[in-house]
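Note that the protein sequences, when read in sequence, are chains A and B.
Residue numbering for the first sequence follows the numbering used here, starting at 2 and increasing by one per position.
Residue numbering for the second sequence follows the numbering used here, starting at 45 and increasing by one per position.
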Amino acid sequence: MTEIFLSGRTQLGLEEFEYSFESNSSKRIAVVGPNGSGKTTLLRLIAGHNRLHSGLLKIDDYVYDEPASGNFTPAHRRKVTLQHQGGSIFPHLTVEDNVAFPYRSKRNSKRKARTLASETLEAFDLLQIKDKYPNQLSGGQVGRVSLARSLAKQPELLMLDEPTSALDIESVGQVHQILQSLTTTLLLVSHDPIEVLKLSDSIIALEENKIIQFGALESVISRPATQWMSKFFDLNLVSGTASGLEFKTDSGEILQLSQSYSGNVEVSFPSSAVSLHLSPPTGSPRNKWKATVASLDTKDNLVRVKLVGTFDCYATITVPSFNELEIVLGSTIWASIKATELNVLQNPIPART
Amino acid sequence: METQKNSVPKIIWAGASIGFTFLLVPFVGLSQRAPWSSFVQIVTEETVLKSISLSMIIATCSAFICLILGIPLGWVLAKADFRGLKLVRAIVLLPMVLPPVAGGTALLFALGRKGFIGEKIDSWFGVTLPFTTAGAVVAASFVSLPFFVLSIESSATQLDSQLEEASLNLGATPIRTFFTVSLPLLRNSIMAGVALSWARALGEFGATITFAGDNPEQTRTLPLQLFVALETNPERAMIIGVLMVMISLSVLVTLRGNWLVQR
């Protein structure tokens, strides 16, 4: 596991940036925040494309950037890879030569580099397109080629700037499966809360070029520091299997869907769509289940209730209805959600082995 | 494209037509008066053949020199940031706007037999540039280098810097990045620059005759041959003129097809 230590400031043009965090035991860190909040600059600092004006950047025990001592490791000597948004595949090289590029940079002979590249391509199921040029590839293939190339360097830290933002749903699934199977420490900029929930174990939240929150996924989601954060994470994700209109969670709870699906799927729904009741609800909601209140968090006239039971999820309700329900920690309660609020995310292909 | 063409106002069309006619008329006049029947005979005359081969040799050597000097120069102008950059750029582009005669004069006083550098070259190596093919190459390179540099600089400025960053990210040193990523991506503009500077060197007259003089064996390129013929043999002058139009036009047509219109 790779540890990142960053505490420092920098300036680009008129904009000032201030970052401070220590990754500790986090292996998959998602970087989230509004547009222009300094996410990409954070990655560029760690990659060595921007420099600190003061402070310290360390990866494991290596000082990469410390203006006070004059230490600065240039980008090409850092054991990290930054994959730009869009992948930055070299348009003048074939897929094979793109993936061979990091091997060549490690002073392997051309033939050795190609052999190593072929192994990598095979692992990513890209061997059949090795002779193609980037402009002949689909968006999903570009996504996989850039990941294969980034990993061919065998970085100690892989940084991805919105790796799936330009991909179709099927390719997003493929890229997610690759990322889930990785053991490399990951720093991932994402605009997609589902991606964050699926791939990360901790969160760096940025706002106005500062880190406003850093912590384990669970703790950040249960106590988002800002309005933007609570909106971003107003989302529950449950995995299970679908057959027809029925969705069975991994824990065995059955929920009704509004459209037919089959196979392994994930279901997402906003926490504000979950209603809470003291007794088994009657009426139109098709889905109801019993749960225990595990935590409560009040903010801006809204209460975020964490429910545990056959599956865990959040419900957001207003303070008046919270008072009416007389909810306390540990109390048992009924939750319900309309089938139309359940958003199904289908995994396109079987999991890689 | 169609809609853009249609949206051009009539008055602009009229202005463009006059401009085009202005450029076209001299060539029509030349081709009308040219003694086409003696074209092959004149072009295959020994002195003309000599001029053609001298022109080709000088233009090609000069394009090669532009390639070697122009890539680093264009790259620095595009990427570097230092005090006096604008002055350096102005000096680099100077030969483009300077009358070639003035450029040739400047070369003469620097590299001529009595020039402050030429004198030393003469006394140390026994080499003099004036009246030699090498001198003509120097003159041609001097006037055509800016064309090459401009071509490199403009596309180096537009180069996607993320690709170069990606190369560094993947462990390639800056110099390796330059040769394996930047240069290949500049391929089209390098080609265009070579063709442009080659064509410019081919047509070079003023600086050549001022600096390298008119030596039938060493420096009398096609433009010099044309100039000489104008006073002694107008028919030959016209045919050489036609020949140069044909060469230049074919260079430009090739350029448009392949490199100037790119991406």
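Just so you know, even glycine gets a beta-carbon here, dropped at the ideal spot from N, CA and C.
For Gly87 (chain A), a Cβ of chain B is located within less than 9 Å of the residue's own Cβ.
Straight across, the Cα-Cα distance linking Gly247 (chain B) with Gly257 (chain B) is about 15 Å.
Interface annotation, Gly49 (chain A): in contact with chain B, CB-CB separation under 9 Å. Bridge partners of Ala243 (chain A) according to DSSP: A:Phe248, A:Gly264.
Residues of chain A whose Cβ lies closer than 9 Å to the Cβ of Gln206 (chain B) are, in chain order, His85, Gln86, Gly87, Ser89. Below the 8 Å Cβ cutoff, chain B contributes Asn213, Leu214 as neighbours of Thr82 (chain A), in chain order. Assignment of beta-bridge partners to Ile212 (chain A) by DSSP yields A:Leu207. Nearest C-alpha to Ser292 (chain B) among B:Ile253, B:Val272, B:Ala243: B:Ala243. Against Thr217 (chain B), the close residues of chain A are His77, in the order they occur along the chain (beta-carbon pairs closer than 7 Å).
In the structure shown, Gly253 (chain A) falls within a coil segment according to DSSP collapsed to helix, strand and coil.
The Cβ atoms of Leu330 (chain A) and Thr317 (chain A) lie no closer than 9 Å to each other.
By the Cβ neighbour-count rule, Asp98 (chain A) is buried, with 16 or more other Cβ atoms within 10 Å of its own.
Selection B:Val141, B:Thr91, B:Lys54 evaluated against Pro260 (chain B) yields B:Thr91 as nearest (Cα-Cα). Residue range 333-338 is occupied by the beta strand (DSSP E) that includes Ile334 (chain A).
Note that the C-beta distance between Leu151 (chain B) and Ile165 (chain B) is not below 9 Å. What Glu197 (chain B) touches in chain A, judged by beta-carbon distance under 8 Å, is nothing: the nearest beta carbon there is about 20 Å away. Under DSSP, the beta-bridge partners assigned to Arg10 (chain A) are A:Glu19, A:Ser55. Contact between the region 260-273 of chain A and the region 334-348 of chain A is present, with at least three C-beta pairs closer than 8 Å. Ser252 (chain A) places its beta carbon less than 9 Å from that of Thr311 (chain A). DSSP places Glu90 (chain B) inside the alpha helix (DSSP H), whose first and last residues are 90-123.
Around Pro260 (chain B), no beta-carbon contact reaches into chain A at under 7 Å, the shortest distance being about 46 Å. In the DSSP assignment, Lys291 (chain A) falls within the unbroken beta strand (DSSP E) covering 288-300. At the C-beta level, Phe125 (chain A) and Arg108 (chain A) stay beyond 9 Å of one another. Using a Cβ distance threshold of 9 Å, Met160 (chain A) and Leu187 (chain A) count as a contacting pair. Residue contact check for Ala200 (chain B) against chain A: no CB pair falls below 9 Å. Chain A has a Cβ within less than 9 Å of the Cβ of Ala210 (chain B). With respect to chain A, the C-beta atom of Leu229 (chain B) has a partner C-beta closer than 9 Å. For Phe102 (chain A), the neighbours in chain B by C-beta distance under 8 Å run, in chain order, Ser211, Leu214, Ala216, Thr224. Apart from sequence neighbours up to five positions away, no residue of its chain approaches Gly14 (chain A) with a beta-carbon distance below 8 Å. Taking CB atoms only, Arg145 (chain A) has no neighbour in chain B less than 9 Å away. Beta bridge pairing from DSSP links Tyr65 (chain A) with no other residue. Under DSSP, the beta-bridge partners assigned to Lys307 (chain A) are A:Ser296, A:Tyr315. Taking a contact to require three or more Cβ pairs closer than 8 Å, the region 70-79 of chain A and the region 212-226 of chain B qualify as touching. Straight-line measurement puts the Cα of Phe153 (chain B) at about 4 Å from the Cα of Gly159 (chain B). Here Asn237 (chain A) is bridged, per DSSP, to A:Phe270.
The Cβ-Cβ distance between Ser226 (chain B) and Leu203 (chain B) falls below 9 Å.
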